[in-house]
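Trainee: Protein chains in written order, with this note's numbering: chain B, 108 to 239; chain D, 108 to 239.
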DNA sequence: GAATTCCCTACTAAATTAGTAGTATAATAA
DNA sequence: TTATTATACTACTAATTTAGTAGGGAATTC
């Protein structure tokens, strides 16, 4: 039960962008260097953040990325879900995972509760909270 | 970020033992049948619970397993940790996972907090809670 | 002593994770 | 207009983890 590098790196990227923002676009290369993450792998992670419309991007010589919102407007939970997929700790709780034992499953509500505390926690923190 | 079958099955085994307890030993075969889990795989899971001294066992014809304590004396968290390994959602928080960026890591305390809510939740529930 | 049970270790197929690699596309600046 | 620098997209791959299988052996009871 681990958060993968995708979620962890994504969070670091977002923090990096928040801290180093100066109005200009910040290149992937710069982020990768500061964060010591492979260029090519970071591309894929940023692609996920981009698809979720968390970033503004520009190509070309002065291109790069910047946050599309204020740090306090990003819930950490949203960043993680965009990169990790869902944070549901149990397959049974997902849409595809419904099983025929569910009706009298003694563990279901326990797992549901775990899912709740996890999501409530990650959604209670914003990017701004992490920076300070 | 998922709980594996080991933890999920282990919890179902413990509940099965709690519900079907009648003073006698309950065979792995019976549990496996009721829970629709492969005999051989279940053996391995039970071995972990056994190693943690959560079960009493007996061999031979009337042998099997029973709980070594009352249901309310088992924290669900303990059952999961015995079978899943630790529940720490981030490698960095474990003994082996300390990294050289930790001193000014902006995410560390966030992850620590997540670790806390998870462990507090699973430790707040006992086997008895799940049965009722 | 045959049947039934737990005990222990090794192996393996499938899925997931953590990347590499290569190419195309867009923008800028000389 | 062309070289340079950047993002965008897709395919592939090595390593690890997960979810089991398989095959003995040892204890106990009938």
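We put the beta carbon where it would ideally sit given N, CA and C, even for glycine.
What three-state label does DSSP hand residue 173 of chain B in the structure shown?
Mentor: Taking the first chain and counting its residues from 1, one reaches residue 173 of chain B at position 66. The answer is strand: DSSP assigns residue 173 of chain B an E or B state.
Trainee: For residue 154 of chain D, name the three-state secondary structure that DSSP assigns.
Mentor: Looking up residue 154 of chain D in the second chain gives position 47. Looking at residue 154 of chain D - three-state DSSP - the assignment turns out to be helix.
Trainee: Could you say if the segment 126-138 of chain D and the segment 171-184 of chain D meet the contact criterion of at least three C-beta pairs nearer than 8 Å?
Mentor: At 8 Å Cβ cutoff, the stretches touch.
Trainee: In chain order, what residues of the same chain lie with their CB nearer than 7 Å to the CB of residue 191 of chain D, ignoring the 5 residues before and after it?
Mentor: Residue mapping note: residue 191 of chain D aligns to position 84 of the second chain, counting from 1. 110, 111, 113 and 114, listed in sequence order.
Trainee: Could you tell me whether any Cβ in chain D is nearer than 8 Å to the Cβ of residue 191 of chain B?
Mentor: Counting from one through the first chain, the residue named residue 191 of chain B turns up at place 84. Taking Cβ atoms only, chain D reaches closer than 8 Å to residue 191 of chain B, which makes this a yes.
Trainee: Are there 16 or more other CB atoms within 10 angstroms of the CB of residue 153 of chain D, so buried, or fewer, so exposed?
Mentor: For this step, residue 153 of chain D is matched to residue 46 along the second chain. Buried, because 16 or more other Cβ atoms sit within 10 Å of the Cβ of residue 153 of chain D.
Trainee: May I ask you to verify whether the segment 181-200 of chain D touches the segment 216-227 of chain D, counting CB pairs closer than 8 Å and requiring at least 3?
Mentor: Counting Cβ pairs under 8 Å, three or more are found: they touch.
Trainee: If you draw a straight line from the C-alpha of residue 238 of chain D to the C-alpha of residue 234 of chain B, how long is it?
Mentor: Along the second chain, read from residue 1 onward, the residue named residue 238 of chain D stands at position 131. Along the first chain, read from residue 1 onward, the residue named residue 234 of chain B stands at position 127. Cα to Cα, the separation comes out at about 40 Å.
Trainee: Looking at residue 162 of chain B and residue 116 of chain B, is the spacing between their C-beta atoms short of 8 Å?
Mentor: Position 9 of the first chain holds residue 116 of chain B. Position 55 of the first chain holds residue 162 of chain B. No. Outside cutoff.
Trainee: Which of the residues in the segment 201-229 of chain D, read from start to end, lie with their CB under 9 Å from any CB of chain B?
Mentor: Cβ contacts with chain B: 208, 212, 213, 214, 216, 217, 218, 220, 221, 223, 224, 225, 227, 228 and 229.
Trainee: Tell me whether the beta-carbon of residue 214 of chain B lies closer than 8 Å to the beta-carbon of residue 118 of chain D.
Mentor: Numbered from its first residue, the first chain carries residue 214 of chain B at position 107. Numbered from its first residue, the second chain carries residue 118 of chain D at position 11. Contact: yes.
Trainee: Just curious, the beta strand (DSSP E) that residue 143 of chain B is in, first and last residue?
Mentor: As a first step, residue 143 of chain B must be located in the first chain, where it is residue number 36. Premise fails: residue 143 of chain B is in no beta strand (DSSP E) and is neither H nor E.
Trainee: What's the C-alpha gap between residue 122 of chain B and residue 164 of chain D?
Mentor: As a working mapping, residue 122 of chain B is identified with position 15 in the first chain. As a working mapping, residue 164 of chain D is identified with position 57 in the second chain. Those two C-alpha atoms are separated by around 52 Å.
Trainee: Please report the Cβ distance between residue 120 of chain D and residue 151 of chain D, rounded to the nearest whole angstrom; I am assuming they are in contact, meaning their Cβ atoms lie under 8 Å.
Mentor: Within the second chain, the letter at position 13 stands for residue 120 of chain D. Within the second chain, the letter at position 44 stands for residue 151 of chain D. Actually they do not touch by this definition, with Cβ atoms about 11 Å apart.
Trainee: Where does residue 199 of chain B land, buried or exposed, given buried means 16+ other C-beta within 10 angstroms?
Mentor: Numbered from 1 along the first chain, position 92 holds the residue referred to as residue 199 of chain B. Classification for residue 199 of chain B: buried.
Trainee: In chain order, what residues of the same chain lie with their CB nearer than 7 Å to the CB of residue 157 of chain B, ignoring the 5 residues before and after it?
Mentor: Here residue 157 of chain B refers to the residue found at position 50 of the first chain. Once the five neighbours on either side are set aside, the close Cβ partners of residue 157 of chain B are 164.
Trainee: Can you have a look at residue 138 of chain D and say buried or exposed, based on whether 16 or more other CB atoms are within 10 angstroms of its CB?
Mentor: Taking the first residue of the second chain as 1, we reach residue 138 of chain D at position 31. The residue in question, residue 138 of chain D, is buried, as its Cβ has 16 or more Cβ neighbours within 10 Å.
Trainee: Applying a beta-carbon distance threshold of less than 7 Å, which residues of chain B neighbour residue 119 of chain D?
Mentor: Position 12 of the second chain, counted from the first residue, corresponds to residue 119 of chain D. The answer, in chain order, is 214.
Trainee: Can you tell me the Cα-Cα spacing of residue 226 of chain B and residue 202 of chain B, whole angstroms?
Mentor: Reading the first chain from its first residue, position 119 is the one you call residue 226 of chain B. Reading the first chain from its first residue, position 95 is the one you call residue 202 of chain B. One C-alpha to the other measures close to 17 Å.
Trainee: Using the beta-carbon of each residue, which ones in chain D are nearer than 8 Å to residue 158 of chain B?
Mentor: Taking the first residue of the first chain as 1, we reach residue 158 of chain B at position 51. Per Cβ cutoff of 8 Å: no residues; residue 158 of chain B is ~20 Å from chain D at best.
Trainee: Can you check DSSP and say which residues form a bridge with residue 165 of chain B?
Mentor: By 1-based counting over the first chain, the position of residue 165 of chain B is 58. Answer is B:171, bridged to residue 165 of chain B.
Trainee: Going by other Cβ atoms of all chains shown within 10 Å of its Cβ, with 16 needed for buried, is residue 144 of chain D buried or exposed?
Mentor: For this step, residue 144 of chain D is matched to residue 37 along the second chain. Buried, by the Cβ-count rule.
Trainee: Taking the beta carbon of residue 186 of chain D as the centre, do at least 16 other beta carbons fall within 10 Å, making it buried, or is it exposed?
Mentor: Within the second chain, numbered from 1, the residue matching residue 186 of chain D stands at position 79. By the 10 Å Cβ count, residue 186 of chain D comes out buried.
Trainee: Among residues of its own chain, excluding the 5 on either side of residue 124 of chain B, which ones have a beta-carbon nearer than 8 Å to its beta-carbon?
Mentor: Working through the first chain from its first residue, we reach residue 124 of chain B at position 17. The answer, listed in chain order, is 133, 138, 162, 172, 173 and 174.
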